[in-house]
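Chemist: Residue -11 is where the sequence shown starts when you use the working numbering, and the numbers rise one by one after that.
Glycine is no exception: its CB is placed at the ideal position from the N, C-alpha and C atoms.
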Amino acid sequence: EVLRRAFGQRKDPATSLIYHLEDHPPCSKHQIIYERLVPIDDVHNSMGTLTSRIHCFDISQSEVDYLLSYFGPFPDCQRLTMIDANKTQDEVYDALDEHVAMLLDRKRDEKAK
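#1: Might you give, ordered along the chain, the residues of its own chain that have their beta carbon closer than 8 Å to the beta carbon of residue 87, omitting 5 neighbours on each side?
#2: So which of 20, -8, 16 and 25 has the shortest CA-CA distance to residue 6?
#3: Assuming the contact rule is C-beta atoms closer than 8 Å, residue 45 and residue 91 should be a hit. Round their C-beta distance to whole Å, please.
#4: What three-state label does DSSP hand residue 101 in the structure shown?
#5: How should residue 41 be labelled, buried or exposed, when 16 other C-beta atoms within 10 angstroms of its C-beta is the threshold for buried?
#6: For residue 68, does the three-state DSSP call read helix, strand or coil?
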């Protein structure tokens, strides 16, 4: 899925808009838009980079699990949350910061007991 999403991304150099050929194609069906779309990254470089990152994540899974265990699980508070990335950078940061702060507060409350 990661590779499919990465390889399907295209950029329109005329408008600088990012599309995905399957998930988010251009609204217009005019062939001219599709003809000018270019891959965001070179496929060969992307494949190597993604493969390397997936491998690093796999071999680091025990450290990741240990880190995540610090943040729960709490019965009424999920570690994983959906954040609308279509908002401004500041709004996304604020939403993420708020969620992490809530998890840290829960952890502090749990340790205080």
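Modeler: In short, the structure shows the following:
#1: 69 and 71
#2: 25
#3: In fact, because the Cβ distance is near 21 Å, the residues do not count as touching under 8 Å.
#4: coil
#5: exposed
#6: coil
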